[in-house]
Every structure is written in C-alpha cells, then in structure tokens.
Amino acid sequence: MQTIDIHTHLLSSEVKFDRFYDKLAIRFFAKKFGMDPQALMENPYEAYVEGLTTNARESKYITKMVLFGVDDRVDDEGNSIHKDITVCATNENLLAVYEKYKDVIIPFFSINPKRPDALELIDKYVALGFKGAKFLQNYWNVDTREERYKPYFEKLASLGLPLIVHVGNESSIHSYKACERLEMLDAPLEAGVTVIAAHMALSYEHFGFRSMFSKNPKYFNEEYFKLLEMLKEHDNLYADISALLTPIRAKALKHLSQQYDVHEKLLFGTDFPVPFLTLLNSYDLSYKKRFEVGKEKNPYDRYSKVILEYFEGTNPIYTNYQKILDKI
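Letter by letter, the sequence shown follows residues 10 to 337 of our numbering.
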C-alpha cells in the first residue's frame, strides 16, 4: 500500500516550545515524531519542517502530503484580531516550504473568507501552484451558512478546488462550538465544492469516563452517524480519517472499518503533528500488535500500520485521493 496524507499541518514560523508543558511534551513525543528534541527547542520551525519532510521522504507508505497552514482570525475589515503562534502558518511560509520540497508536498491555502480580498487571494495562490483550500472556521468564528460567504464557495467550485473543513470537537486551539457542526458543510456542498470533512465529525462528548473510551457505537456522537449518511447522499462529499488515532476518536475505528458502503468516500490522513499513542489507546488491537507497531520509528508508517489493521491494503481509502487531486 502507498498513499498520500490528505491532512498535514505546517506550524507557524513563530512557534515556540518554551512552556513547561511544551518541554515535557517535546521530550516525550519528539523522537516518536522522528525529530530531534534539542533541535526542536533551539530552532523549532526549521527542525519541524526538516523532520516533517524527511519522514515523508523516508516513509514506505506515504508518497506525498497535503500540507496547509491556518489563516488568522480577522474582523470584518480583514484586520488580524488573533494569531495562534503554533498553528497559524501563513500561505507565504507554505509556499517557501513547497518550493523546496515539491517532491513530497501538495500545498493547500488557508484564506479566511472575511478578508475583503479573499477571492483575489484565491487566484493568487492557485497561480502559484496551490491545489485546494483548508478551513478552520471554528477558530475564525465563521458561520459558513451566511450569505456573504457564498461567492467564496462559488469561486472554489468554479476552479475545481477541494476544501477541507474541520468538523467535530477541537482541543488544540480556541474553538467556537457552533462553528464545529456539520451544518458548516451545507453551503460549500450546495455551491458544488468538493468538500472533505475532517476527523469524521467525531467528538469528545460522553456520558462518563468509561463511555468516553467505549467502542460501543451507542456512545458515539450523533454527528458521526449523520456524516456517514451524508457521504452516501452527496457525490461531492468525502471525509478523512485524520486524528483517528488520538485516544478517544480511535474507539470508532472498528465500526468505521465495517461501514463498507462509505469506504469509497474515505481518505487517508494523519493530522500530523497531532500526537497519537500506539500502546495506550481505545482501539482493540492486541498488546502484542501494539508493541510491534510501536517499534516503527517513522511516524507516518506507524500511523499507517495501525490503519492497515482495520483497512487492508487494497481498500479504496488509500486511492480515493485520486478522485479529487487528479482532477486539478
């Protein structure tokens, strides 16, 4: 099996790992990410880019990655009102990385639709080689159903550009909960945009600690099941499995692997660099298998080896990206 990662983040060039929590996390996760902890502390952005691209080049399973940043939160005049120093990588930063590593990167832009020149910016980055768009409307406090955003989606549709939209809970950045819901997909779908719903709309809602990790579908959130139905109803809707190895979302892997009628609409993705665990997790692999997979040094291949336990190498989840990206 070889595939592309449809969901990978470029970190901000201003990223710093100087908090006490950051220092602990770096020590714990850096080597699991195939990165040098000391380099990440001293030159975090450069070390991250180097580790990210090296992992991709050395992976047995991942040939390329869709890479994107996140635009600022802006007001109605387009003035920046918040910029997260971890995830808010600019399109210009991404362009520079893409120019250096074209062999492994497929660039998607992130343009807040509140910007007055958003449509012109779309044209600019398409001309520079960008192949799609990434929305984090829950961070931006953008309700996509508002009429003022319709031209933005019509522009994407006219250019045949796919759009990745976050749905489900968000814990790594401030999020406006009303903008996490599946209704955020309605306007771009109606405009004819090829939409990719990220993270299978899985949420952290639960009835108690045990049910939070339970693999019993009765404890899954309703929007997960609604998305499964929407995938069958909309020809232009896909969903990615990014971040499904985080401990709580992983509980849905077995159930999703048995929903054969939507496998033609699923896309492989990791949400790198979101950390994931191979040993302590809510999926149902034997501990022998978990130890075996945990020995894999390349994080892309470690992620892939877990997914391959649920979706065999001939599953369309690994080739469905061709239906989207080969048209661009």
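Glycine included, each C-beta is placed from N, C-alpha and C at the ideal position. Computed from a predicted model, the values in this text were never measured in an experiment.
Residue range of the beta strand (DSSP E) that includes A187: For A187, no beta strand (DSSP E) run applies, since DSSP gives it neither H nor E.
The segment 111-119 in contact with the segment 75-87 per 3-pair CB rule at 8 Å: yes
Counted within 10 angstroms of its Cβ, other Cβ atoms place R219 as buried (16 or more) or exposed: exposed
Segment limits, beta strand (DSSP E) that includes S167: S167 -> not in any beta strand (DSSP E); alpha helix (DSSP H) instead, spanning K159 to L168.
Residue closest to E301, alpha-carbon to alpha-carbon, out of D293, Y292 and R311: R311
Host beta strand (DSSP E) of L89 (start-end): Residue identity check: residue 89 is Ser in the sequence provided, not Leu. Note, S89: beta strand (DSSP E), S89 to H91.
Through-space distance from Y213 to N178, alpha-carbon basis: So the two alpha carbons sit approximately 6 Å from each other.
DSSP-derived helix/strand/coil call for H18: Three-state result, H18: strand.
Residues of its chain near P46, where Cβ-Cβ distance is below 6 Å and the 5 sequence neighbours each way are ignored: So the qualifying residues of the chain are I35, R36 and A39.
Sub-9 Å separation of I250 and L275 beta-carbons: yes
Cβ pair count under 8 Å reaching 3, the segment 66-74 against the segment 82-96: The answer is no - the segment 82-96 does not touch the segment 66-74, with fewer than three Cβ pairs under 8 Å.
Between the CA atoms of N245 and T287 - distance to the nearest angstrom: 33 Å
Buried or exposed by the 16-neighbour rule on C-beta atoms within 10 Å, applied to Q146: buried
Classification of P53 by the beta-carbon crowding that lies within 10 angstroms, buried from 16 upward: buried
Whole-angstrom distance between N290 and Y296, CA atom to CA atom: Straight through space, the alpha carbons of N290 and Y296 are spaced by roughly 10 Å.
Span separating the alpha-carbon of K304 from that of L262: 21 Å
Proximal residues to T255 (C-beta, below 7 Å), its chain only, five neighbours per side dropped: V283 and F285
Whole-angstrom distance between S184 and N225, CA atom to CA atom: 27 Å
Proximity to L33 [Cα-Cα], best of Q331, L20 and L49: L49
Residue range of the unbroken beta strand (DSSP E) whose run includes V75: I71 to F77
H175, enclosing alpha helix (DSSP H) - first and last residue: It is not in any alpha helix (DSSP H) - H175 instead sits in the beta strand (DSSP E) that spans L172 to H175.
Short Cβ contact (9 Å threshold) for D14 with F222: no
Member of I90, G217 and G60 whose CA lies at the smallest distance from the CA of W149: Nearest neighbour of W149 by Cα position, chosen from I90, G217 and G60, turns out to be I90.
Y134 and N100 closer than 9 Å at C-beta: yes
Assigned secondary structure, T12 (DSSP; H/G/I helix, E/B strand, else coil): strand
Closest Cα partner of I326 within the set E23, Y309, A248 and D280: A248
Any beta strand (DSSP E) of 3 or more consecutive residues that is wholly inside the segment 232-313: 246-249
Top-ranked residue by Cα proximity to L19, from K159, D152 and A56: A56
For F229, three-class secondary structure by DSSP: When secondary structure is reduced to three states using DSSP, F229 falls in the coil class, being assigned neither helix nor strand.
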